[in-house]
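Q: Numbering (my numbering), first residue to last: 9 to 174. Heads up, the beta-carbon is just placed ideally off N, CA and C, and yes, glycines get one too. Everything numeric in this text was worked out from a predicted model, so none of it was measured. Can you keep this structure in mind? I'll have questions shortly.
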């Protein structure tokens, strides 16, 4: 569904983007292992010199033609307009995703910080042509086809990132 410049990532409910790429193309931060200020610093670094990003998120699961909407508060942090809907299928259900273009970076930070404070996370990711940021209630995953970018992140935040899957 999402293609970065060099990496193809399936954004689906089966396998998070983090596990679809090589360890040189990814970095993970555990939300319980970093502070609010450190999270903001990480996001500032990832999105420096960027004004807007695109977003994809799971809107609903469709089972037996019944829409079961996800219970999240995405719209409380992010102003959504001009979205595109995509339906993906697997053996068990169909899934309705929304792709939203040109999300302001301040809204991304507002969303991430609200998740950090305990708000229910949506299954969503923010992405540019060369990187994707997946935010859940447990982790912030960054994947990129730019190995040097990930390497710089690992150096800059060496004491913060989770090394379990290295």
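Within the stretch 68 to 135, note down every full beta strand (DSSP E) run reaching 3 residues or more, in order along the chain.
A: 74 to 77, 91 to 97, 102 to 112 and 132 to 135
Q: Does the separation of the CB atoms of residue 152 and residue 139 fall below 8 Å?
A: yes
Q: How do the stretch 90 to 104 and the stretch 59 to 67 stand: do at least 3 beta-carbon pairs fall below 8 Å, yes or no?
A: yes
Q: Along the alpha helix (DSSP H) that carries residue 44, what are the first and last residues, could you check?
A: Residue range 44 to 54 is occupied by the alpha helix (DSSP H) that includes residue 44.
Q: Taking 8 Å as the cut-off, decide whether the C-beta atoms of residue 116 and residue 55 are in contact.
A: yes
Q: Taking residue 150 and residue 35 to be in contact with their CB atoms under 8 Å, please state how far apart those CB atoms are, rounded to whole angstroms.
A: Correct: roughly 5 Å between the Cβ atoms.
Q: Going by other Cβ atoms of all chains shown within 10 Å of its Cβ, with 16 needed for buried, is residue 80 buried or exposed?
A: buried
Q: Quick one: Cα of residue 29 to Cα of residue 50, how far?
A: 21 Å
Q: Take residue 96 and list the residues in its own chain whose beta-carbon comes closer than 8 Å to its own, dropping the five residues that flank it on each side.
A: Within the same chain, and ignoring the five residues on either side of residue 96 in sequence, the residues whose Cβ sits closer than 8 Å to its Cβ are 9, 20, 102, 103 and 105.
Q: Buried or exposed: residue 134, going by 16 or more other Cβ atoms within 10 Å of its Cβ?
A: With 16 or more other Cβ atoms within 10 Å, it is buried.
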